Amino acid sequence: MASYDVIVIGSGPGGYVCAIRCAQLGLKTACVEGRETLGGTCLNVGCIPSKALLHATEMVHEAEENFGKMGIGVAKPKVDWKQMLAYKGETIEANTKGIEFLFKKNKIDWLKGWGSIPEPGKVKVGDEVHEAKNIVIATGSEASSLPGVEVDEKVVVTSTGALELGKIPKTMVVIGAGVIGLELGSVYNRLGAEVTVVEFLDVITPGMDAEVQKTFQRILKKQGLNFVMGAAVQKTEATKTKAKVTYKLRKDDTEHVLEADTVLVATGRKPYTDGLGLEAIGVTMTDRGQVQTDAHWRTNVNGIYAIGDAITGPMLAHKAEDEGMAVAETIAGQAGHVNYGVIPGVIYTHPEVANVGQTEEQLKEEGRAYKVGKFSFMGNGRAKANHAADGFVKILADKETDRILGAHIIGPMAGDLIHEVCVAMEFGAAAEDLARTCHAHPTYSEAVREAALACGDGPIHS
Ligand code: FAD
Ligand code: NAI
């Protein structure tokens, strides 16, 4: 039996970052992980592999669509699917090995196996029980199931199966027009599959700024994605090579059937806390199966904390990381803090979609007086040169004080551009502060400045 200041259960972005910060703060730390590699959902079957396939297929798209326009003659790109999957595998390995290296460097013990908490202050891994002054639950999430839909990870798949398909399907039905559905739907659309997205609501990416939703869906349709909106999936029936998806249109209750080589179920994720023994030790859960925590990530049981996808809030890697650092600082007696009002969200399609802070719809609902500064990438020289002028930057600011309340970007490098606004918001900046900041020319980020100018006397280039 070993004794630790902190044992973190789970090595995803929440858990591994927490373990590293604990070690940096002088706490004797171990991290329990049941998978064969560190890094959790994000590095093994989430963010990293999906971004590798998005990058590779974007290159295919770029070569097919834009090379000719710039005078570069290439034959139609030939996709070697096995090699593309191998590239994805190497990317995962480089990242998961990187965490192993960081654990060694920071003298963090990796306790290999599935952990449980037999009693407060103790963590059981295999037959061994270890003592821990503090325990951090960072066990993440898993794909939600859908009644009538049986996942076999071959024909009817979750994102995990979709990242590992034996061959590129000719036809694909995606259930759910959320982040996973649109990212992975884009991957297979670019690889030549006929992709149909079936969504329960009348809008894609629920919760996002409505103008962005509309522009995003228009662009995706132009790229070849088909959408069936307002459709409730009833069931799937699969053979070894195909599946039928039955759905009912909500507007008239009519039943329809689609057939495809692959069906991707992407209707959300749920917290994963199986096998931890939380009920037996009396840890309070929310009615949605999340571990209930207070503002300092403490559960109701002394010495047990929880972070990341296993608790409330957006299921994002960087949210989990920030909580990981903050809870480590809290355990070490410092003032760990996460600003939940400034957590960006990014969809890594082409173009990218990014947002931070409040949407216009939320501001309207609150009855808040606000102003909108919008700028199209059509007015941005760099975007036009790069055949990437579809989209816009929209900044929302308080009508009276000019303080930035939110930003919504659809366009080139949106996932990077958004951070300028995040930093500004973190410092409580006004739109004028962004507008008065000199931006290098020609860059995409000039579009952010122009949107900020549009909150005041007006943009220059529109
Ligand atoms: P996880 O990453 O889920 O890690 C939890 C770990 O705990 C797992 O490795 C699990 O094996 C381990 N574990 C569980 N129970 C036990 C136990 N009892 N004992 C030992 N180990 C245990 N987010 C983004 O921000 N950007 C993206 O681009 C992005 N892309 C995504 C793409 C896909 C396809 C998916 C599925 C998700 C994506 N996400 C993305 C979400 C992101 O992966 C999660 O928000 C993030 O991984 C949550 O981190 P976590 O540390 O809370 O949990
Ligand atoms: P999601 O919550 O983003 O989207 C699910 C979609 O499915 C919604 O549009 C919902 O209306 C729809 N839906 C639900 N039930 C349905 C039904 N019966 N029939 C048809 N449609 C239905 O969930 P998703 O895409 O599975 O992603 C899960 C999580 O992973 C998200 O919370 C996201 O934060 C995270 N993620 C983040 C990424 C990123 O940051 N780039 C990438 C991928 C995942």
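Take the sequence shown: its position 175, counting from 1, is numbered 744 in my numbering, and each next residue is one higher.
All C-beta atoms, glycine included, are put in the ideal place defined by N, C-alpha and C.
It should be emphasised that the depicted structure is a prediction, and the values quoted were computed from it without experimental measurement.
Query                                                                                                                   : Result
Whole-number beta carbon distance between residue 615 and residue 580, since they are thought to touch under 8 Å        : Residue 580 to residue 615, Cβ: 13 Å. No contact.
Residue 961, enclosing beta strand (DSSP E) - first and last residue                                                    : 961–967
Spatial distance of residue 790 from residue 836 (CA atoms)                                                             : 20 Å
Residue 719 beta carbon near the ligand NAI (any heavy atom closer than 7 Å)                                            : no
For residue 928 and residue 936, the rounded distance between their alpha carbons                                       : 13 Å
Span of the beta strand (DSSP E) around residue 744                                                                     : 740–744
CB contact flag (residue 746, residue 788, <8 Å)                                                                        : no
Other residues of its chain near residue 882: CB distance less than 7 Å, five sequence neighbours each side excluded    : 888 and 909
Complete runs of the alpha helix (DSSP H) confined to the stretch 814–900 [at least 4 residues]                         : 847–850 and 886–900
Counted within 10 angstroms of its Cβ, other Cβ atoms place residue 855 as buried (16 or more) or exposed               : exposed
Residue 898 versus residue 594: straight-line alpha-carbon distance, rounded                                            : 8 Å
Endpoints, alpha helix (DSSP H) assigned at residue 661                                                                 : 650–674
Proximity test, residue 884 beta-carbon vs the ligand NAI heavy atom, cut-off 7 Å                                       : yes
Where residue 605 falls: helix, strand or coil (DSSP)                                                                   : coil
Assigned exposure category for residue 652 - 16 Cβ within 10 Å defines buried                                           : exposed
Test item: CB-CB of residue 622 and residue 724 under 8 Å                                                               : no
Residue 1029: first and last residue of the uninterrupted alpha helix (DSSP H) it sits in                               : That residue, residue 1029, is in no alpha helix (DSSP H); it is neither H nor E in DSSP.
Residues near residue 984 in its chain [Cβ-Cβ closer than 6 Å; skip 5 each side]                                        : 915, 921 and 923
Cβ neighbour criterion (16 or more within 10 Å) applied to residue 1005                                                 : exposed
Beta-carbon proximity list for residue 826, same chain, < 6 Å, skipping 5 on both sides                                 : 813 and 815
Boundaries of the beta strand (DSSP E) in which residue 956 is found, first to last residue                             : No beta strand (DSSP E) holds residue 956; DSSP gives it neither H nor E.
Close-in-space but distant-in-sequence residues of the same chain around residue 907 (CB under 8 Å, 5 per side omitted) : 888, 891, 892 and 895
Own chain residues within Cβ distance below 8 Å of residue 715, not counting five before or after                       : 744, 802, 834 and 836
CB of residue 768 within 8 Å of CB of residue 807, strictly                                                             : no
Residue 600 - partner residues in DSSP beta bridges                                                                     : 577 and 679
Supposed contact pair residue 860 and residue 842 - C-beta distance, whole angstroms, cut 8 Å                           : 6 Å
At least three beta-carbon pairs within less than 8 Å, the stretch 947–956 to the stretch 1011–1030                     : yes
Secondary structure of residue 711, DSSP reduced to three states                                                        : strand
CA-to-CA distance, residue 634 to residue 785, given in whole angstroms                                                 : 19 Å
DSSP state of residue 716 mapped onto helix, strand, coil                                                               : coil
Range of the contiguous beta strand (DSSP E) that encloses residue 801                                                  : 800–807
Any non-hydrogen atom of the ligand FAD within 7 Å of residue 708 CB                                                    : yes
In DSSP terms, what residue 944 is bridged to                                                                           : 962
Euclidean distance between Cα positions of residue 589 and residue 903                                                  : 16 Å
Whole-angstrom distance between residue 942 and residue 970, CA atom to CA atom                                         : 14 Å
heavy atom of the ligand NAI below 7 Å from residue 757 C-beta                                                          : no
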